[in-house]
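Peer 1: Encoded as structure tokens, here's the structure I'll be asking about.
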């Protein structure tokens, strides 16, 4: 599923103006330690698998649903690893500020493949050969893979512009 119906309805009222939206991101590793990334259909960039949390849906449920929709994989969240906001402007001019909850996940079943029209490709990458990623994806990955298993967040007073590229 691309854009949820409730967002399409809101966009009719606000146009391209800023929307505040909840989202989830999955940091998924295989047994070889590789990281699963998806190449986005909207801008061609590689990123962690992410998506919207639907109204009334729990974040972990949204995470499992989004990963299945986009990759065909069944995953289980291991732990929530980050809670950050980040801005995003889509190629059509729609502006969003996402409250994103990142999760470290393990694969339960399936084979990674393009499973919908939101991705051009999905692929496993060794950690030392990741493609170019935006700072949100890099931050979510860093928090998920750090040794301390605490949920990462930006310190009070930090803005998104303070986060290094």
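In full-length UniProt numbering, the protein residues as written are 1 to 165. We put the beta carbon where it would ideally sit given N, CA and C, even for glycine. Since this is a predicted model, take the numbers as computed values, not measurements.
Taking the beta strand (DSSP E) that residue 83 falls in, what are its first and last residues?
Peer 2: 74-89 is the span of the beta strand (DSSP E), which, as asked, contains residue 83.
Peer 1: Please name the residue or residues paired with residue 97 in a DSSP beta bridge.
Peer 2: Per DSSP, 20, 87.
Peer 1: Under 8 Å: do the segment 77-89 and the segment 3-12 share three or more Cβ pairs, one atom per stretch?
Peer 2: With a cut-off of 8 Å, the segment 3-12 and the segment 77-89 do not count as touching, because too few Cβ pairs lie within range.
Peer 1: Excluding the 5 residues flanking residue 53 on each side, which residues of the same chain have their C-beta closer than 7 Å to its C-beta?
Peer 2: So the qualifying residues of the chain are 22, 23, 24, 59, 62.
Peer 1: Excluding the 5 residues flanking residue 76 on each side, which residues of the same chain have their C-beta closer than 6 Å to its C-beta?
Peer 2: Excluding positions up to five away in sequence, the list reads 106, 108.
Peer 1: Can you tell which of 6, 69, 49, 50 has the C-alpha that lies nearest to the C-alpha of residue 56?
Peer 2: Ranking the options by Cα distance to residue 56, first place goes to 6.
Peer 1: By the 10 Å Cβ neighbour count, where 16 or more other Cβ atoms means buried, how is residue 157 classified, buried or exposed?
Peer 2: When all chains shown are included, residue 157 counts as exposed.
Peer 1: Rounded to whole angstroms, what is the Cα-Cα separation between residue 68 and residue 100?
Peer 2: Distance between the alpha carbons of residue 68 and residue 100: 18 Å.
Peer 1: Check for me: the beta strand (DSSP E) holding residue 112 runs from which residue to which?
Peer 2: Here residue 112 belongs to no beta strand (DSSP E), and DSSP marks it neither H nor E.
Peer 1: From residue 102 to residue 45, what does the alpha carbon distance come to, in whole angstroms?
Peer 2: Spanning the two alpha carbons is a distance of roughly 19 Å.
Peer 1: Could you pull the DSSP bridge partners for residue 39 from this structure?
Peer 2: Note: residue 39 sits in a beta bridge opposite 46, 121.
Peer 1: On the premise that residue 95 lies in contact with residue 18, defined as a C-beta separation below 8 Å, what is that separation, rounded to the nearest angstrom?
Peer 2: At roughly 5 Å, the Cβ-Cβ gap stays under 8 Å, so residue 18 and residue 95 are in contact.
Peer 1: Report yes if the CB atom of residue 38 is closer than 8 Å to the CB atom of residue 122, and no otherwise.
Peer 2: Their beta carbons are under 8 Å apart, which means residue 38 touches residue 122 by this criterion.
Peer 1: Taking 8 Å as the cut-off, decide whether the C-beta atoms of residue 40 and residue 72 are in contact.
Peer 2: In this structure, residue 72 does not lie closer than 8 Å to residue 40 by Cβ.
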